[in-house]
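A short worksheet on the structure shown next.
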Ligand SMILES: Cc1cc2nc3c(=O)[nH]c(=O)nc-3n(C[C@H](O)[C@H](O)[C@H](O)COP(=O)(O)OP(=O)(O)OC[C@H]3O[C@@H](n4cnc5c(N)ncnc54)[C@H](O)[C@@H]3O)c2cc1C
Ligand SMILES: Cc1cc2nc3c(=O)[nH]c(=O)nc-3n(C[C@H](O)[C@H](O)[C@H](O)COP(=O)(O)OP(=O)(O)OC[C@H]3O[C@@H](n4cnc5c(N)ncnc54)[C@H](O)[C@@H]3O)c2cc1C
Ligand SMILES: Cc1cc2nc3c(=O)[nH]c(=O)nc-3n(C[C@H](O)[C@H](O)[C@H](O)COP(=O)(O)O)c2cc1C
Ligand SMILES: Cc1cc2nc3c(=O)[nH]c(=O)nc-3n(C[C@H](O)[C@H](O)[C@H](O)COP(=O)(O)O)c2cc1C
Ligand code: FES
Ligand code: FES
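Chains as they are written, first to last, in our numbering: chain A, 60 to 362; chain B, 60 to 362; chain C, 426 to 668; chain D, 426 to 668.
Set out below in structure tokens:
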């Protein structure tokens, strides 16, 4: 029997397949289609201290093998997430969920993480450091090792659950940032968030998304994500969650060989709402094809 | 009549379509198939001071909508390029060609550029600053504004032809690097070179390319290239050459709207050897479709 | 919402650029007029949202205008099957229509009004239908609406057929309620001209089409809504115009 | 080199995983045995290089093993046409073969040896052919080579058919020259065992297949060569083994 179990920061998972933040809402839409308890887990929509509408529309642009989104972290704010979304989620998902957190200052990150830390449903805190740092000149927290480490330390000091820092790929040196997070006490690293991309509408001759640029993801970015997972997994001792362009069971295996302990499936959910289910169902067959008895055993196998 | 003429750093071009360095050799293979004088121009294979075999094979990995190459700047060295390749090229190409130059130290860049500067066939020097800086700790010249500016200044001081600096996309802040080059005296900026990517072979469980990682290019990277062209064209006054994922006439128009004065077609040539010809032939029809009378007039139109 | 394969049974032009496609498959998830389907196409990453024009048993009819990569690809299809997510969106609520609702469709906003009109008539109501086009050669489905037994007014901007002007120029007389679908400027004009409550259907670029990505959000009086899941139909009273 | 559409005329298994495909198109660019074609497939970025097995008029025959995405896609095709770059590579030079050349093919290295053998026989030479496989159920084209009039020895690693062992175990007797194609370990063994000059055909992952990208380079006694353009056939004397 194919052994798909993995352990992410102390939490046992039936399989390494999670849905990525922002592409799975709070799970309800998918729960209408299949029992989402088959997932290893999922990371819910990026949560901030206050409610956010996000960016103006249009927010979506199509690309070859991917899409650009400029949703801009629309969410009801942490209080409503805890009072409304999590109880509703409890009805269709009985496993630990990953709480994805964003903020525009270290204090905001701490505030939101602290609140979510007290929710028994939450297994991991996934801290997305791709947001612009309003107190730090607008560059994102995730583009400097110092800023990323600072957020990590602050969140770790205020919480008890495993803290996974989610990194932006739009940097010169991903390894130095990941290492800074590790030194700051991170329990894991997840990567990658979206690549900054853009499309222009030839008819209107204007950018397709209202915000001009946005986050590019989907199968097109897989080689970049895989490379960064490989680089980071080679350099840190904490587990790495591989994200970016995954849409098949073979992609999952490739990511794990590159060093991922678990993976997240993003854009693929949007075009094939059964993507995660299909991948999980296909995994045993592909494991057999490539002579893999246990997924745990292949983590970092290509390093 | 569709007016496709553009002027790149003082040189008139019949159309903005060039072939990108490393994907067109010295043009001969394509000249067997069609008259390559229909091109605006092309950038020949990256040239270094000394002959290079490049990296071990396998050097190629397939990706969704693209490929990874780790050729590693194989070339016969600048002297042979001048004594053998350029005379042979003269027989099938009568326009100015773009000389793509690489180096591992500022002195090497200067040495090679100086030699090519004396060739009447060469119209522009395209200085690829993606190579690791052996004297500067191994990070590529193109990842720091200072190193990029230094190479620019040194090459400019030693040459007379327009110098176009070709930037790597694997950086946090492409604009600061482009601006540093502009301040260093660059006559133009071309971007992007390949994204650093990787693939792993599920059968062998090892990286597909011998060098483990390589340069990822092809249609998959178009949104990243377009974004960087837009950002740089918005920030500098010198012309920008748009490269990355272009495979259709519509891609050319989109790149020009983002701010490109001319474009380079790379990976597309490898899978469709007629790619550049097809694009040039298709341009007038697409210009008509999108109500464009002159390509010159749309440069930066979406900014 | 359901995902399934639908077989192409027919794909014919109704004007130069507008095609009518009949598809056979499991239509069980389609519960209201004004809902849409989301169609996966070869080589294109995102699905294409198209309104349900009609459902009869397991036959789904859609009408679409070929305007870009996806719809042009569809235009060329003669057979085969399509991967479709069906039963998306809220659709129109006919319970509040009153006796004499006004049904207004403009351009590619016409298709969903067909199934709506059919339903209203089925419920014993007497809808008046206004169909707006630019020119006479762009008109489609006038006969089909008439065959349902509806009173139909066609408007053309250039006056080449029917009433000259916009759909709003035909919004005369008494009506109990209104339903509208069409380009945003039309919807805004209808909103302003209308003398009753009503429902309007909106378009937005979509990532998923079923509520997962927040790609299609809009602000309303009742908070943020997703056009794809909480819409595409909004009630007049809740609309906050962005521009 | 020529680019063109070739129509699939036949696509049949010759063993469990090896298929024979006949294609109709402009074969004019194919000038020597040992050349290859590069096939574009839907949804795959890179073309797939496959050796020419035979050319008769405008019919091109290839034999390929289904081992991955591209070849598995080809395996399923029953009709339609393929975008093919033909006439790639240098091919074997038969002018130096002498009277009794040895022709050695292993596994999917067998196909190009068919056209080579045909040419040698056409030139009045008496080639002896060694075809190497792992097991009896992997053998293909033995009869076809015999039908050309060649003397054929089949080797199987497990001894389930023909001579037990590797192709090198059958490289006995006198021969004037040798030609080989097969997996790299086989080529190396043939190189070491051979008592004459010869030509060997290599494989490498390719970007373009026609000399433009330097993706497939190797070092030789005569400098750097591109497997796709200056090869795939190299002469024994120039080979520098990498491993
Ligand atoms: C709820 C809804 C119902 C619709 N119903 C119909 C209908 O019944 N008949 C019809 O002809 N059209 C309808 N449309 C518009 C239709 O979705 C677009 O014309 C179609 O997506 C264009 O795709 P394309 O590939 O041809 O164009 P491209 O311009 O190549 O598409 C590029 C991207 O933009 C998106 N896009 C382009 N135009 C629109 C648009 N107007 N609305 C949303 N996304 C767009 C595409 O989906 C795709 O993601 C509807 C749109 C929505 C949101
Ligand atoms: C000059 C030449 C002639 C060949 N002739 C034949 C032939 O006659 N019959 C036959 O069955 N096979 C032949 N091969 C091998 C054949 O090219 C590969 O089996 C095929 O490309 C595999 O593609 P895939 O998509 O099925 O496999 P995948 O593993 O999915 O392919 C992934 C990538 O790796 C490349 N690749 C995989 N294996 C090889 C290989 N062995 N050599 C080069 N590239 C490879 C593919 O082209 C593709 O780019 C030849 C190879 C070369 C270089
Ligand atoms: C519509 C959309 C919304 C997203 N929202 C978030 C978010 O709120 N927080 C976050 O950390 N990542 C967010 N992401 C990034 C994804 O979680 C993921 O890192 C990225 O899309 C790469 O994976 P993919 O290629 O599988 O999509 C979002 C992505 C998409 C497409
Ligand atoms: C096989 C190959 C070799 C390349 N060699 C060079 C090179 O020598 N010098 C250089 O500046 N860029 C080189 N590039 C980068 C291309 O010129 C181009 O910048 C990049 O591939 C992005 O364009 P594309 O997506 O159209 O391929 C090479 C790219 C490929 C695919
Ligand atoms: S399109 Fe994804 S939520 Fe509406
Ligand atoms: S594969 Fe491109 S040069 Fe050989």
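Where is the CB? At the ideal position from N, CA and C, for every residue including glycine.
Distance, residue j Cα to residue i Cα
i	j	result
residue 286 of chain B	residue 448 of chain C	39 Å
residue 480 of chain C	residue 608 of chain C	24 Å
residue 262 of chain B	residue 361 of chain A	11 Å
residue 109 of chain A	residue 152 of chain A	25 Å
residue 78 of chain A	residue 530 of chain D	49 Å
residue 496 of chain C	residue 442 of chain C	10 Å
residue 469 of chain D	residue 538 of chain D	28 Å
residue 201 of chain B	residue 133 of chain B	20 Å
residue 307 of chain A	residue 440 of chain D	29 Å
residue 266 of chain A	residue 541 of chain C	35 Å
residue 130 of chain A	residue 433 of chain D	47 Å
residue 91 of chain A	residue 643 of chain D	56 Å
residue 602 of chain C	residue 659 of chain C	14 Å
residue 259 of chain B	residue 128 of chain A	28 Å
Status (buried if at least 16 other CB within 10 Å, exposed otherwise) for residue i
i	result
residue 147 of chain A	exposed
residue 235 of chain A	exposed
residue 629 of chain D	buried
residue 647 of chain C	exposed
residue 167 of chain B	buried
residue 74 of chain B	buried
residue 71 of chain B	exposed
residue 666 of chain D	exposed
residue 327 of chain A	buried
residue 473 of chain C	buried
Close Cβ partners of residue i (< 7 Å) along its chain, the five nearest in sequence each way excluded
i	result
residue 437 of chain C	444, 445
residue 513 of chain C	426, 460, 461, 462, 463, 634, 635, 653
Ligand 3 heavy atom lying under 6 Å from the CB of residue i
i	result
residue 280 of chain A	yes
residue 225 of chain A	yes
residue 86 of chain A	no
Any non-hydrogen atom of ligand 5 closer than 6 Å to residue i Cβ
i	result
residue 633 of chain C	yes
residue 639 of chain C	yes
residue 482 of chain D	no
residue 636 of chain C	yes
Residue i Cβ short of 6 Å to ligand 2 heavy atom set
i	result
residue 651 of chain D	no
residue 471 of chain D	yes
Check: residue i C-beta below 6 Å from any heavy atom of ligand 6
i	result
residue 643 of chain D	no
residue 125 of chain B	no
Near ligand 1: residue i beta-carbon under 6 Å from a heavy atom
i	result
residue 509 of chain D	no
residue 630 of chain C	yes
Heavy atom of ligand 4 within 6 Å of residue i beta-carbon
i	result
residue 361 of chain B	no
residue 202 of chain B	no
residue 130 of chain B	yes
Contact test: residue i Cβ vs ligand 8 heavy atom, cutoff 6 Å
i	result
residue 656 of chain D	Because ligand 8 does not appear in the structure shown, any question about it cannot be addressed here, the ligands present being ligand 1, ligand 2, ligand 3, ligand 4, ligand 5 and ligand 6.
Residues near residue i by beta carbon distance below 8 Å, same chain, minus five either side
i	result
residue 289 of chain B	317, 318, 361, 362
residue 516 of chain D	456, 457, 458, 459, 460, 658
Close-in-space but distant-in-sequence residues of the same chain around residue i (CB under 6 Å, 5 per side omitted)
i	result
residue 563 of chain D	440
residue 253 of chain B	274, 275, 276
Just by C-beta distance, which residues in the stretch 450-472 of chain C are closer than 8 Å to chain E?
You won't find chain E in this structure, because its protein chains are A, B, C and D.
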